[in-house]
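Visitor:
Number of protein chains: 2
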Amino acid sequence: MNTCSSIGIGLAGFGTVGSGVWNTLERTGDLITERTGGAVALHIAKILVRDVAKVRASTSAVDPALLTTDWRQLIEDPAVDIVVELIGGTTDAFEIVAAALKAKKPVVTGNKALLAERGVELFALSREMETPIHFEAAVAGGIPIIRTVQDSFIGNQIQSFSGIINGTSNYILGRMTDAGLTFDVALAEAQALGYAEADPTLDVNGWDAAHKALLLSTLAYGFSIDPAEIHVSGIEQVRPADIHFAKSLGYVVKLLAVIRQKADGAVELRVQPSFIAQTHILASVHGVFNAVAVHGDAAGESLFYGRGAGQDPTASSVVADLVEAARGLRQASGHRGFLPYRESGRILPVEETATAYYVRFDVTDRPGVVAEIARVLADHRIGISGTHSPVNPSNPDAEFVDMVFLLHTCPFGKLQTALSEIAALDCINSAPVVFRIENLG
Amino acid sequence: MNTCSSIGIGLAGFGTVGSGVWNTLERTGDLITERTGGAVALHIAKILVRDVAKVRASTSAVDPALLTTDWRQLIEDPAVDIVVELIGGTTDAFEIVAAALKAKKPVVTGNKALLAERGVELFALSREMETPIHFEAAVAGGIPIIRTVQDSFIGNQIQSFSGIINGTSNYILGRMTDAGLTFDVALAEAQALGYAEADPTLDVNGWDAAHKALLLSTLAYGFSIDPAEIHVSGIEQVRPADIHFAKSLGYVVKLLAVIRQKADGAVELRVQPSFIAQTHILASVHGVFNAVAVHGDAAGESLFYGRGAGQDPTASSVVADLVEAARGLRQASGHRGFLPYRESGRILPVEETATAYYVRFDVTDRPGVVAEIARVLADHRIGISGTHSPVNPSNPDAEFVDMVFLLHTCPFGKLQTALSEIAALDCINSAPVVFRIENLG
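Chains A and B supply the protein sequences, listed in that same order. Position 299 of the first sequence, counting from 1, maps to 298 under numbering that gives the first Met the number 0, and the rest follow consecutively. Position 376 of the second sequence, counting from 1, maps to 375 under numbering that gives the first Met the number 0, and the rest follow consecutively.
1. With distances taken between CB atoms, is the gap from S216 of chain B to L255 of chain B smaller than 7 Å?
2. State the Cα-Cα distance for the pair N452 of chain B and L192 of chain B, rounded to the nearest angstrom.
3. In chain A, which residues lie less than 9 Å from R335 of chain B when you measure between Cβ atoms?
4. Is R365 of chain A helix, strand or coil when you go by DSSP?
5. Give me the subset of the segment 152-166 of chain A whose CB atoms are less than 8 Å from a CB atom of chain B, sorted by chain position.
6. List, in order along the chain, the chain A residues whose C-beta lies closer than 8 Å to that of R306 of chain B?
7. Please list, in chain order, the chain B residues whose beta carbon lies closer than 7 Å to that of G295 of chain A.
8. Kindly indicate which three-state DSSP category I171 of chain A falls into: helix, strand or coil?
9. Can you tell me where the alpha helix (DSSP H) holding N165 of chain B begins and where it ends?
10. If distances are taken between C-alpha atoms only, which option among A:E25, A:G7, A:G36 comes closest to E342 of chain B?
11. Short of 6 Å in beta carbon distance, which residues of its chain neighbour D311 of chain A, apart from the five on each side in sequence? Order them along the chain.
12. In chain A, what lies closer than 9 Å to D29 of chain B by C-beta?
13. At the level of alpha carbons, what is the spacing between D76 of chain B and R126 of chain B?
14. Would DSSP call P410 of chain A helix, strand or coil?
15. Measuring alpha carbon to alpha carbon, tell me which residue in A:P431, A:D396, A:R335, A:A370 is nearest R146 of chain A.
16. Report buried or exposed for V16 of chain B, applying the criterion of at least 16 other Cβ atoms within 10 angstroms of its Cβ.
17. Could you tell me the alpha carbon to alpha carbon distance between G344 of chain B and P395 of chain B, rounded to whole angstroms?
18. What span of residues does the alpha helix (DSSP H) with K103 of chain A cover, start to end?
19. When you compare each of B:E135, B:G140, B:G141 to V148 of chain B by their alpha carbons, which one comes out closest?
20. Which one of A:S59, A:E371, A:P143 has the shortest CA to CA distance from D386 of chain A?
21. Under 7 Å between the Cβ atoms of I86 of chain A and A78 of chain A?
22. Can you list, in chain order, the residues of its chain whose CB lies under 6 Å from that of V358 of chain B, leaving out five sequence neighbours each side?
23. Rounded to the nearest angstrom, how far is the Cβ of D425 of chain A from that of F399 of chain A, given a contact under 8 Å?
24. Output yes or no for whether 7 Å exceeds the beta carbon distance between A137 of chain B and K104 of chain B.
25. Please tell me whether I171 of chain B and F274 of chain B are closer than 7 Å, where the distance is taken between their beta carbons.
26. By DSSP's criteria, R259 of chain A is part of a beta bridge. Which residues make up the other side?
27. Looking at the structure shown, is I346 of chain A part of a helix, part of a strand, or coil, going by DSSP?
28. Identify which residue in A:N155, A:A397, A:I142 has its Cα closest to the Cα of I163 of chain A.
29. Within the 7 Å Cβ cut-off, does Y340 of chain A reach chain B?
30. Going straight from the alpha carbon of K413 of chain B to that of V231 of chain B, what length do you get?
31. Just to confirm, are R174 of chain B and A187 of chain B a CB contact at a threshold of 7 Å?
32. Which residues does DSSP pair with H42 of chain B in a beta bridge?
33. Quick test of the definition: if touching needs 3 or more C-beta pairs under 8 Å, does the segment 112-120 of chain B touch the segment 23-42 of chain B?
34. Beta-carbon of A123 of chain B versus every beta-carbon of chain A: anything under 7 Å?
35. Please report the straight-line C-alpha distance between E482 of chain A and A282 of chain A, rounded to a whole angstrom.
36. Can you tell me whether R374 of chain A is buried or exposed, with buried defined as 16 or more other CB within 10 angstroms of its CB?
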């Protein structure tokens, strides 16, 4: 519906999500106009691509006149009212977003790394130019968690988030749990199915989830956090034995992002593989799905579940943001996008964060090993709730074995000190592996 | 923060939710102003109560000058910019909402019965007066499902909703499942705990859920539905034996609201006790919690879970709507509230809705009973996937027993015809009880 009053979109990036946005607008553009009582009509006015010939070869739906390889054209074209950044990365994407804001063109982006790493500069520019950045697509694909926190929970102090916000990791852990696969085999399967990138580093090392958690925290508490200040660990160290052990205790292993505000206002933010109770609703989040549990002081416990990635779900969020941005263009002044409202805040050092733990040691099995480890833990006044060494029936007297300890809640710093002492014992063969046992209430 | 530019709220009703709104604004009013970059400050300017003396006796927090027993004062007071209707019912509440709209004062309401029954008139008035009605609190208390459907999923054709949207019923069914209670005992317990009203009729007969389902359908498909056109049944007929039987087959019994758009555009909308797979995420919705699963063509499968009622969760939704309404007051023209965008649409007659079924017959047990029932079903070409009569070990030859049939998917109309024939058999002692077996995909 390219009427005179239709809003022109400049699409930077025409890959999976970009073409999903195109398709979604083709399919539902008229419905959007109908649903907004005629207030919003959208059309794509310009598309930034890397290779015009390639796009022309792959689709006949797109008018070649819309294509450009020069991002400045996207910004400068008077037909472009809103800029959608979907090229990824933090360098060119930064240039494009900054230039769009300077030209007072609202930005819609799904780039979590960009906002987590350079959000301070970009939100400052957003404020200065009175031009919003919308980023629903940056966290949990098709789940409208950004708008929920920003608008629906505006009257809540957000006490905590617990999220499964990396679909790739969740898929891999699920296959390790259900089919007994090793990490490597499950990862290869995820890659074959298109659930993991050729380079899966940011998915499996926890940083993709961490970028999303940083954004959720900024939304809830109003200030940006330096990624260097938070504790992130991924799922590379999870073994089938850990999953088996978790199951036997009534837990499942999930890569969990935890954000909590403490009584003194400090924010606890960490991402790591965690044991969570099988009965908790987050344990029912399977495959590539994402879910975020939110606890607000008024709303109480809530959970938002859906597809965390993929062409259409992410396009759904981009399109919702486009409608929001289009409505904002009709406003006289100010903007309704998010702005950090606090200069800074305190991050709880990871050493002060406290949970129960599961620790796996690779030990040389000889009499006295348990006593030696237990002695060090006792010296640090860390309680043991259980210890276990799975016997290999085909080799019950194996020399090298896994020895597992379940520990009572204590500060992580205290645990680290104890573990470094234990690692120095000559019966210990490699660095201990630690998972949190998360009490989600 | 009662600054000059602060928005004045007229609160109609100061019961549970009304005082929750007061408390929430006391607690987070400054935070709201901070989070909106100073754009929104709210204060309560007038409160409609039934008995001024009673309020004065129960709280010293409220300035008596704010109280009135005349709703016209609430509308006419120039200090009132937005009217919040929380008195319930469909008569006085209608007068107040209509008068507020006529005075061009945006309305926030949590009154699902009012909007389900008189929404056509009120939304027409809303359009005419260019003044929005916000109703997040009307469906599923603290879960922001209204805004999600309206804004976040605006680029989606909504294919279906499946919802557990009556906490009282869910609590009762849960206690029947977990503790083997009868319906009457579980209901009495729910009343004792304050989870059910003294008059629980609308909760247990399905109509509270149906009112919410009507609103969700109107949001998704743009037209209002006459409550007389939909099929609603409640949980009064559920017995422990049904729950036990469901469990043994891998199901749980839930009061489910199902809304679906068929390929020809017709809307299927029904509320009834249903068997759903224990592995489906909706099966994990326990106690008084609510959840709505939404399937959009772009977003895919999503689920929104949280508290469906209660003082603070409902107040959280009212306050979010107040902020939205306050922002709207600053707009030059038009409104961002919901307006039905279609005159009418087709409702799929319940006779044409098709699922699998669980049917319980109260029979006189004599040879030939199963054959007689099976004969009638066969005549109507309704397939049987199983039949079962629980033997009472202490009285294996009991004369009157429950006989359960599991039936393959067929149109409900066909089932009804067959069941009326079966009911006429002389071995059948009372009307058969039917639950849907819902395939939630």
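For every residue, glycine included, the Cβ atom is placed at its ideal position computed from N, Cα and C.
Guide: Taking the coordinates as given:
1. For the pair S216 of chain B and L255 of chain B, the CB atoms are not nearer than the 7 Å cut-off.
2. Lying outside 0 to 440, the shown extent of chain B, residue 452 of chain B is not represented and no answer is given.
3. For R335 of chain B, the C-beta contacts it makes with chain A under 9 Å involve T35, A38, R326, in order along the chain.
4. Three-state result, R365 of chain A: coil.
5. Of all residues in the segment 152-166 of chain A, F152, I153, G154, N155, Q156 have a Cβ within less than 8 Å of some Cβ in chain B.
6. Within 8 Å Cβ-Cβ: A298, G299, E300, S301.
7. Going along chain B in sequence order, the residues near G295 of chain A (Cβ under 7 Å) are S315.
8. Looking at I171 of chain A - three-state DSSP - the assignment turns out to be helix.
9. Boundaries for N165 of chain B: no alpha helix (DSSP H) harbours it, and the DSSP string shows neither H nor E there.
10. Of A:E25, A:G7, A:G36, the residue nearest in Cα terms is A:G36.
11. Within the same chain, and ignoring the five residues on either side of D311 of chain A in sequence, the residues whose Cβ sits closer than 6 Å to its Cβ are G19.
12. Against chain A, the beta carbon of D29 of chain B has no neighbour under 9 Å; the closest one sits roughly 11 Å away.
13. The straight-line gap from Cα to Cα measures roughly 23 Å.
14. Residue state, collapsed to three classes: strand.
15. The shortest C-alpha separation from R146 of chain A is found at A:R335.
16. V16 of chain B counts as buried, since at least 16 other C-beta atoms from the protein chains shown sit within 10 angstroms of its C-beta.
17. Near 53 Å, if we compare the C-alpha coordinates of P395 of chain B and G344 of chain B.
18. No alpha helix (DSSP H) contains K103 of chain A, which DSSP labels as neither H nor E.
19. For V148 of chain B, the closest of B:E135, B:G140, B:G141 by C-alpha to C-alpha distance is B:E135.
20. It should be noted that the sequence gives Thr, not Asp, for residue 386 of chain A. With distances taken between Cα atoms, T386 of chain A lies closest to A:E371.
21. Annotated as distal: I86 of chain A and A78 of chain A, with beta-carbon spacing of 7 Å or more.
22. Correct list, in chain order: F404, P431, V433.
23. That pair is no contact at about 13 Å.
24. No.
25. No.
26. Beta-bridge pairing links R259 of chain A to A:S159, A:E267.
27. Looking at I346 of chain A - three-state DSSP - the assignment turns out to be strand.
28. Of the residues A:N155, A:A397, A:I142, the one whose Cα lies closest to the Cα of I163 of chain A is A:I142.
29. Interface residue, yes.
30. Cα-Cα distance, rounded: 18 Å.
31. No.
32. The partner list for H42 of chain B (beta bridge, DSSP) reads B:G7.
33. Because the criterion of three Cβ pairs below 8 Å is not met, the segment 112-120 of chain B and the segment 23-42 of chain B do not touch.
34. Output row for A123 of chain B: interface = no.
35. Outside the shown range of chain A (0 to 440) lies residue 482 of chain A, about which nothing can therefore be said.
36. By the neighbour-count rule (16 or more Cβ atoms within 10 Å), R374 of chain A is not buried but exposed.
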